[in-house]
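**Q** Take -4 as the starting number for the sequence shown in my numbering and just add one per residue.
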Amino acid sequence: MIPLHADSASVYAAYLVLLGITLVAIAMGLFIVFQAYRGYRRNQSQPMLYLAIGFALLTVIPFGISLAGASVGQLLGAEPIVYTYYLPIVGRIVEVCGLGVILYSLSIR
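1. Using 8 Å as the Cβ pair cut-off and three pairs as the minimum, do the region 73 to 81 and the region 36 to 56 touch?
2. From S61, V77, R37, pick the residue whose C-alpha is nearest to that of L14; which is it?
3. So, for S100: in the same chain, excluding its five sequence neighbours on each side, which residues have a beta-carbon less than 7 Å away from its beta-carbon?
4. Taking I105 and V55 to be in contact with their CB atoms under 8 Å, please state how far apart those CB atoms are, rounded to whole angstroms.
5. CA-CA distance, S66 and L52?
6. Which value, in whole angstroms, describes the spacing of the CA atoms of G59 and S3?
7. Whole-angstrom Cβ separation of V77 and G86, contact assumed at under 8 Å?
8. Less than 8 Å between C-beta atoms, sequence neighbours within five positions excluded: which residues of the same chain meet that for I105?
9. Can you name, in chain order, every residue of its own chain whose Cβ lies under 6 Å from the Cβ of G93, other than the five neighbours on each side?
10. Just verifying my parser: in three-state terms, what is the DSSP assignment at I76?
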């Protein structure tokens, strides 16, 4: 069996790639939310407002929770269970709420 060995430079580079992809996803999510909000303001359409809120809960907030949780957890010396259980479950709950709001926006008249 070959032990996994990674030097600190390759781990650092991998985290930078992950951070870059996360920031691109947040930017794309914010753009979608902004466009839906503009649609709400232009047409005074309640479904578009709920769609914007749902997309924010689905795309932007979970990434923000992940980044903030990792940063604050490192500063506070959080236990591994925070990263493996609590942060993912909070992120999934927010995503489920976002999907529920999107479903609601599609069902109201």
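Backbone N, C-alpha and C define an ideal beta-carbon position, used for all residues, glycine too. This structure is a prediction, so every number in the text was calculated from the model and none was measured.
**A** In terms of the structure at hand:
1. no
2. S61
3. P42, Y45, L46, G49
4. Outside the modelled stretch of the chain, which goes from -4 to 104, sits residue 105, for which no answer is possible.
5. 20 Å
6. 25 Å
7. The Cβ separation is near 12 Å, so there is no contact.
8. Any answer about residue 105 is impossible in this case: the structure gives the chain only from -4 up to 104.
9. G49, L52, L53
10. helix
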